[in-house]
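Protein chains in written order, with our numbering: chain Z, 1 to 290; chain V, 1 to 290. Beta carbons are placed, not taken as given, at the ideal position from N, Cα and C, and that holds for glycine. In what follows, a single structure is set out as structure tokens and then discussed.
Protein chains: 2
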Amino acid sequence: MSDTALTISDRIQQALDHLTRAERQLAHSILENYPASGLGPLSALAKDAEVSVPTVARMVQKLGFKGYPEFQSELRKELKAKVKNPIAKHDTWAEGAPSEHILNRFTDSVIDNIKHTLGQIEPDLFDQACELVADTDHHLYIVGGRITHTLAEYLFLHMQAIRPNITHIQSTSNAWPHYLLDVKPNDVFVIFDMRRYENNTLKLAEIAHTKGAKVILITDQWRSPVHQLAEISLSNRIVVPSAWDSAATTLLLVETMIAAVQNLNWGDTKDRMEQLEEMFDQTKLFRKFT
Amino acid sequence: MSDTALTISDRIQQALDHLTRAERQLAHSILENYPASGLGPLSALAKDAEVSVPTVARMVQKLGFKGYPEFQSELRKELKAKVKNPIAKHDTWAEGAPSEHILNRFTDSVIDNIKHTLGQIEPDLFDQACELVADTDHHLYIVGGRITHTLAEYLFLHMQAIRPNITHIQSTSNAWPHYLLDVKPNDVFVIFDMRRYENNTLKLAEIAHTKGAKVILITDQWRSPVHQLAEISLSNRIVVPSAWDSAATTLLLVETMIAAVQNLNWGDTKDRMEQLEEMFDQTKLFRKFT
DNA sequence: AGAATTCTGTAATAAATATATCAAGACGGT
DNA sequence: ACCGTCTTGATATATTTATTACAGAATTCT
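What follows is the structure in structure tokens.
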């Protein structure tokens, strides 16, 4: 490991640029469950990566091996060496970095946050929240603050593709009262409020609540004051070894909600997405994904 | 995993008593560096253990496998499963919800993404990227696309508190060329480009590159075309059981970068943050955090 | 839009790997 | 010490697995 310095995984990644489409596809498949898949027969690997047999043979040679058997043999050597190291890298995330490296410490914390957050969430409440968000009979308002507006925007962008009748309000903008003019009873508010809870957000929530809207609050473990008038509160652990709080767990939750809502509305969503797809094609904003 | 519960290593050890002398010798050789040696060709294993080829074949059958290939295949399965669970099979994340619940399935994927992403990142490159971002001698541009501008904004908001000389450019805006007028050599660009790679982003990157700026690319596992002119590319796994991709892993990386940059610049940052603090107090935007 | 180059998969060929057969050797029992 | 049974390895065969050659498809460049 130290003598060669370069693991096969490294070599594959370095070569990634000089590989062709099919070869890259194969490379990713190998890295997908490394090193197990590379230790099977060539044909199995080819099938798994959905490329042809010769493609595998060619790439392996491109990487500098004489043939597939030599490649496998090196892989086994690597595996042997890895198992030999007693406490080896298994408890670090970024291999090649010491466990005190910020990458490992930060990731540890986030995983821990995810564990705690998910462990304390009531699945029923989450499902209810998703149903409220999915309900197209009522308008959906998404509200974020100074930092959290990025999360709000993220949710908004996806919801836009899934359902009509949505508005993104940034509570720090002083234009927000205008948005609240048309709020009707049973309209739904998804409100993000993390510590350094914002007065504007609280006021906004109060008005919405007064008008009979239902509030879903996404907050931190200490809970924004908004939670007192929220239908459903989802709290997230956000502490990390940093001067700042982490939104990673919250984003995970938001994304899960997006997936769940999409499933609930699939019938309607499908059409919307196809239309969107078409419009994107016309604007040529994106490259064709190969 | 759940059906047999017994690893091959276990099976060998249990059988140890019922094996003959040569077979036992072979068994120990297999266990010696398990599982690597069992994954090579039968003949190599035989030679390594100093027994004959048929002895290997016979023992493998005695262990209940149909033949050597089946034995190997099981070994690989085991290896695959082993590397998959770095985090102790926390069987479900959201307790009280079945493992098929979207909360659990989605979280599983994200954890997996984190593991892969971190595993493939080169800590040195990450550190270099952080240093570039921390360098206040040059202007820092942060660029996001249709969806990724939310991540870009998140990074921008934090960097704003840490250092001066930064600009957030949204590549979907058609005003972006104006921002590039003043780019100087060695200015730094952090560019987010995830699949459905955007043509605007690529063009922007090209211009920046031409002007001698250094590009740090944050992309997905298939890598945006921008990576060809990027100084440093950080790729993230983004696949989840959803019609959409996940940005959770990417956010984790961004947050880690924020923490790292903050550490690098702590001397200067401290003052900035105190000033910011004061200004927030004056505007009364936030409630006092108790 | 057409030519040249590169990429990719099918099919044939070559190599290797695994299994089966059999005879020699080791061991234990009488 | 001899016979029978069990163990072991050498050899031959069968099977799988890798490599090579080639042609069609895709891509790039002019």
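DSSP places residue 249/Z within a helical segment (H, G or I) once states are collapsed to three. Using a CB distance cut-off of 7 Å, residue 113/Z does not count as an interface residue toward chain V.
At a cut-off of 7 Å, the C-beta of residue 236/V has no neighbouring C-beta in chain Z.
Apart from the 5 residues on each side of it in sequence, residue 59/V sits with its Cβ closer than 8 Å to the Cβ of 19, 23, 26, 27 in its chain, given in chain order. Under the 8 Å Cβ criterion, the segment 169 to 187 of chain Z counts as touching the segment 203 to 221 of chain Z, having at least three qualifying pairs. At least one CB atom of chain Z sits nearer than 7 Å to the CB of residue 97/V.
Residue 219/V and residue 143/V have their C-alpha atoms roughly 12 Å apart. A distance below 6 Å between beta-carbons, with the five flanking residues on each side excluded, links residue 129/Z to the following residues of its chain, in chain order: 216, 232.
With its beta carbon at least 7 Å from every one in chain Z, residue 136/V lies outside the interface.
Only those residues of the segment 150 to 166 of chain V whose C-beta falls short of 8 Å from the nearest C-beta of chain Z are listed: 150, 151, 153, 154, 157, 158. Among the residues facing chain Z, residue 242/V is included, as its CB has a counterpart in that chain under 7 Å away. Here the C-alpha atom of residue 147/Z lies approximately 13 Å from the C-alpha atom of residue 251/V. Using a Cβ-Cβ cut-off of 8 Å, residue 264/V is close to nothing in chain Z; its nearest Cβ partner there is about 10 Å away. In the three-state DSSP reduction, residue 168/Z falls in the strand class (E or B). Counting the other CB atoms within 10 Å of its CB gives residue 174/Z a total below 16, which places it among the exposed residues.
In the three-state scheme derived from DSSP, where H, G and I count as helix and E and B as strand, residue 29/Z is classed as helix. Residues of the segment 46 to 59 of chain Z with a C-beta atom less than 9 Å from some C-beta of chain V do not occur. For residue 148/Z, there is no enclosing beta strand (DSSP E), since its DSSP letter is neither H nor E. About 6 Å separates the CB atoms of residue 164/Z and residue 136/Z; that is less than 8 Å, so the two are in contact. Under DSSP, the beta-bridge partners assigned to residue 215/V are 189/V. Secondary structure note for residue 102/Z: it is in no beta strand (DSSP E), and the uninterrupted alpha helix (DSSP H) holding it is 102 to 120. DSSP places residue 45/Z inside the alpha helix (DSSP H), whose first and last residues are 42 to 49. By the neighbour-count criterion, in which a residue is buried when 16 or more other Cβ atoms sit within 10 angstroms of its Cβ, residue 257/Z is buried. Assignment of residue 37/V by DSSP, reduced to helix, strand and coil, places it in the helix class.
Around the beta-carbon of residue 21/V, fewer than 16 other beta-carbon atoms lie within 10 Å, marking it exposed.
For residue 235/Z, the three-state secondary structure derived from DSSP is strand. Taking a contact as a CB-CB distance under 8 Å, the pair residue 229/V and residue 206/V counts as one, their CB atoms being some 7 Å apart. Interface criterion not met: the Cβ of residue 133/V is under 7 Å from no Cβ in chain Z. Secondary-structure assignment with DSSP links residue 220/V through a beta bridge to 236/V. Not one beta carbon of chain V lies nearer than 7 Å to the beta carbon of residue 206/Z.
Chain-order list of chain Z residues neighbouring residue 101/V: 123, by C-beta distance under 7 Å. Residue 115/V is classed as buried because its beta carbon has at least 16 other beta carbons within 10 Å across all chains shown. The continuous alpha helix (DSSP H) containing residue 199/V extends over residues 199 to 210. The beta carbon of residue 180/V sits closer than 6 Å to those of 207, all from its chain and outside the five residues before and after it, given in chain order. Spanning the alpha carbons of residue 271/V and residue 161/V requires a straight line of approximately 10 Å. At least 7 Å separates the CB of residue 174/Z from every CB of chain V.
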